[in-house]
Amino acid sequence: MNKIGIILAVLLLLVTIQSTFFFLGALRVNFIEWIVFNACAPSNITFLIGFTLFLLLKDRTIIHMAILPMFFFGVGGLIIFPWSGMNIIPQIGHIIMALNIGWTILATIKTADYKAATVGLLLGIAIFSFFIGFQQNYVASHPEDFKRIMQME
Numbered sequence: 007m008n009k010i011g012i013i014l015a016v017l018l019l020l021v022t023i024q025s026t027f028f029f030l031g032a033l034r035v036n037f038i039e040w041i042v043f044n045a046c047a048p049s050n051i052t053f054l055i056g057f058t059l060f061l062l063l064k065d066r067t068i069i070h071m072a073i074l075p076m077f078f079f080g081v082g083g084l085i086i087f088p089w090s091g092m093n094i095i096p097q098i099g100h101i102i103m104a105l106n107i108g109w110t111i112l113a114t115i116k117t118a119d120y121k122a123a124t125v126g127l128l129l130g131i132a133i134f135s136f137f138i139g140f141q142q143n144y145v146a147s148h149p150e151d152f153k154r155i156m157q158m159e
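Just so you know, our numbering puts 94 at position 88 of the sequence shown, and the rest follows in order with no gaps.
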């Protein structure tokens, strides 16, 4: 089970690096724009930190913290983004995010580590509900930046 998790985490790392280079390099957005218009990246980074801590310390709490934003931005992105043209690239990332969420849930069920899942999900709600609110508000209040960035794809 851990081998599959490692493969999925490496794929998640690769798509996170690719999207970060695209936004910061090709689109030349600033740091705040990167966080709000590429909100999958901070969510993925949280998951990857949690996965690393799980491998080192056998604690799944941080992995579960990342499930809320990964579900919101990743699985939600599968529905919101079109499935054509250059949007196929982020859709691949969204699929990888969903697979990592699925792996986390299956690994939790297999090990019955429900305490870490509960604590992680509650921490994720407490922390990332503010991030999601900030991200949604920023995009809604900066439509010109959103259009500028999304037209470059």
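Don't be surprised by glycine CBs; every beta carbon is placed ideally from N, CA and C.
Would you tell me roughly how many angstroms separate the C-alpha atoms of residue i and residue j, rounded to the nearest one?
i: Ala47; j: Ile41; result: 7 Å
i: Ser25; j: Trp89; result: 17 Å
i: Phe43; j: Ile155; result: 8 Å
i: Asn93; j: Phe87; result: 7 Å
i: Val6; j: Phe29; result: Nothing can be reported for residue 6: it is not among the residues displayed for the chain, which extend from 7 to 159.
i: Ala146; j: Phe152; result: 9 Å
i: Gly99; j: Val81; result: 10 Å
i: Leu112; j: Gly139; result: 29 Å
i: Ile68; j: Thr110; result: 11 Å
So what's residue i in DSSP terms, helix, strand or just coil?
i: Met7; result: coil
i: His148; result: coil
i: Leu17; result: helix
i: Arg154; result: helix
i: Glu159; result: Legend: pLDDT at Glu159 = 44, less than 50; position of this residue unreliable, value from coordinates given subsequently. Looking at Glu159 - three-state DSSP - the assignment turns out to be coil, as it is neither helix nor strand.
i: Asn50; result: helix
i: Leu33; result: coil
Taking the Cβ atom as the reference point for each residue, do residue i and residue j lie within a distance shorter than 8 Å?
i: Leu54; j: Leu19; result: yes
i: Ala15; j: Phe77; result: no
i: His70; j: Leu33; result: no
i: Ala72; j: Gly130; result: yes
i: Thr114; j: Ala104; result: no
At what residue ranges does the segment 68-98 contain a whole run of the alpha helix (DSSP H), taking only runs of 4 or more? 82-86
Could you name each continuous alpha helix (DSSP H) segment of 4 residues or more that falls completely within the segment 94-147, going from the start of the chain to the end? 94-117 and 120-147
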